[in-house]
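Just so you know, the sequence shown maps onto residues 41 to 397 in our numbering. One structure below.
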Amino acid sequence: MKIKKIRAKNFSDALAQVKKELGSDAVILSSEDRKGTRPYVEVTAGVDYDIETGIASAPSRQLLPSVSGPDEYVEIRNELRNLKDYIEAMKDSGFELKLHGERKNLFNFLKERSIKDEYALNLVKRARDISDIETIMSDDLNIERQSRSQQCAHGSISSDHNREIKMLIGPTGSGKTTTLAKLASRAIREGKKVAFISIDTYKIGAAEQIRIYSRMIGIPLDIVSDRDGLRKSISRLSDRDVLLVDTTGQNPRDTKYIDKLKALYEMHLPLETQLLLSTSSDCEFLMDTYKYYNSLPIDYVAFTKTDEAVKLGSIYNLCSLYQKPVAYITTGQRVPGNIEFVDSRKLTNLILRTGSA
Ligand SMILES: Nc1nc2c(ncn2[C@@H]2O[C@H](COP(=O)(O)OP(=O)(O)OP(=O)(O)O)[C@@H](O)[C@H]2O)c(=O)[nH]1
Ligand SMILES: [Mg+2]
41 MKIKKIRAKN
51 FSDALAQVKK
61 ELGSDAVILS
71 SEDRKGTRPY
81 VEVTAGVDYD
91 IETGIASAPS
101 RQLLPSVSGP
111 DEYVEIRNEL
121 RNLKDYIEAM
131 KDSGFELKLH
141 GERKNLFNFL
151 KERSIKDEYA
161 LNLVKRARDI
171 SDIETIMSDD
181 LNIERQSRSQ
191 QCAHGSISSD
201 HNREIKMLIG
211 PTGSGKTTTL
221 AKLASRAIRE
231 GKKVAFISID
241 TYKIGAAEQI
251 RIYSRMIGIP
261 LDIVSDRDGL
271 RKSISRLSDR
281 DVLLVDTTGQ
291 NPRDTKYIDK
301 LKALYEMHLP
311 LETQLLLSTS
321 SDCEFLMDTY
331 KYYNSLPIDY
341 VAFTKTDEAV
351 KLGSIYNLCS
361 LYQKPVAYIT
371 TGQRVPGNIE
381 FVDSRKLTNL
391 ILRTGSA
């Protein structure tokens, strides 16, 4: 498909230009009225080409190189995949064009909250008004939390423990240690016996911050350096109802870091894994980051720094794509406090409340 943006004084001039430049088979993909001192119309139009004959514009010809070896096949496959994605996106933008009135407003409203186009379209297709959107989003976010027995069956929780052992993972600075202190304070308030374990495999002194919290809160802290140490620590702290395991954040794009985390699960320890992601990062970054953690058995995601976030649509994008339940959100630096255990309805309200700047 050849795509072209055309600007003209008005829509009929733009159409005439499209016909002249792309021919009468061209289709209008989008059009916008640009206001200002010199208003104009911007039209995006496209024309298909015949993939069999390869009759196409110059850039598209690059999609059909002559094949002489396996590398070329890979290249062609990648190009075709790109082309497929592109066509899918075009299909959606066609749908967007068909939106009018209330549905168009709803679509824009969702986009302003950084709900991705394809999810916004999907929501709008299923809803008549904002109250429908709230109900549908809330249903979509009501992702089943696996019961402990299911988790045991899947191997993410071992059956011989009634204790809670929560391990927090996530990128550097996403709020793991601070959140552990909040969780510890809360569990203590509920009358539970709590301890911290820190897996300090990366930075010397990385455990210092949690040591301060353990003194402040008055609970034991074990610092371990590998999975064997973790196993021993879990059995040594057998009198504790809740064990909170801290890990050092690193760049998830570093495969060695992910492999180290993976190694922890090979021991089939009774760990519940919570992935902490900061909502102060932009949506694309969050979605991309999640991909790198996706090879680990994540039980829950938790969203931190919602107090700093301008938009929270990324929560919907991420949870609906990966079908992960949200454990809680954190709303500030204060310990204890600034942590909220939200249900899907409350989460939906938060997402819809935050909007364009
Ligand atoms: N605004 C805001 N800041 C937070 C929140 N949670 C944590 N922080 C701050 O974020 C910074 C990093 O928090 P940490 O708990 O050290 O993050 P971490 O994930 O343990 O970091 P690493 O151990 O280096 O990977 C600190 O300054 C915290 O006070 C939150 O909900 N809102
Ligand atoms: Mg930390």
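Note that beta-carbon positions come from the ideal geometry of N, C-alpha and C, so glycine has one too. Remember, predicted model here, so these are calculated numbers, not experimental data.
Which first and last residues belong to the beta strand (DSSP E) in which residue i is found?
| i | result |
| --- | --- |
| residue 207 | 204-209 |
| residue 47 | 42-48 |
To which residues does DSSP link residue i through a beta bridge?
| i | result |
| --- | --- |
| residue 314 | 208, 340 |
| residue 235 | 283 |
| residue 71 | 83 |
| residue 264 | 239 |
For residue i versus residue j, is the C-beta spacing smaller than 8 Å?
| i | j | result |
| --- | --- | --- |
| residue 150 | residue 163 | yes |
| residue 283 | residue 235 | yes |
| residue 323 | residue 154 | yes |
| residue 315 | residue 209 | yes |
| residue 346 | residue 390 | yes |
| residue 83 | residue 73 | no |
| residue 309 | residue 317 | no |
| residue 286 | residue 203 | no |
| residue 379 | residue 222 | yes |
| residue 59 | residue 66 | yes |
| residue 250 | residue 261 | yes |
| residue 61 | residue 44 | yes |
| residue 362 | residue 381 | no |
| residue 349 | residue 319 | yes |
Go to residue i, then tell me how far its alpha helix (DSSP H) extends in each direction, as first and last residue.
| i | result |
| --- | --- |
| residue 61 | 51-62 |
| residue 293 | Careful: residue 293 lies outside any alpha helix (DSSP H) and carries neither H nor E. |
| residue 251 | 248-257 |
| residue 152 | 141-152 |
| residue 221 | 216-229 |
| residue 160 | 157-166 |
| residue 320 | Here residue 320 belongs to no alpha helix (DSSP H), and DSSP marks it neither H nor E. |
| message | Going residue by residue through the region 344-391, where are the continuous alpha helix (DSSP H) segments of at least 4 residues, counting only ones entirely within it? | response | As far as the region 344-391 is concerned, its whole alpha helix (DSSP H) runs of at least 4 residues are 353-362.
| said: Contact between the region 329-347 and the region 168-181 is defined here as three or more beta-carbon pairs at a separation below 8 Å; is this criterion met? | reply: Contact between the region 329-347 and the region 168-181 is absent, because fewer than three Cβ pairs lie under 8 Å.
| Within the chosen definition, does the region 353-364 reach the region 254-269 through at least 3 CB pairs nearer than 8 Å? | At 8 Å Cβ cutoff, the stretches do not touch.
| query | With contact counted as at least three CB pairs below 8 Å, one residue from each stretch, are the region 292-299 and the region 264-275 in contact? | reply | Too few Cβ pairs lie closer than 8 Å, so no.
| Below 8 Å, can you find three or more Cβ-Cβ pairs linking the region 162-176 to the region 369-378? | Counting Cβ pairs under 8 Å, fewer than three are found: no touch.
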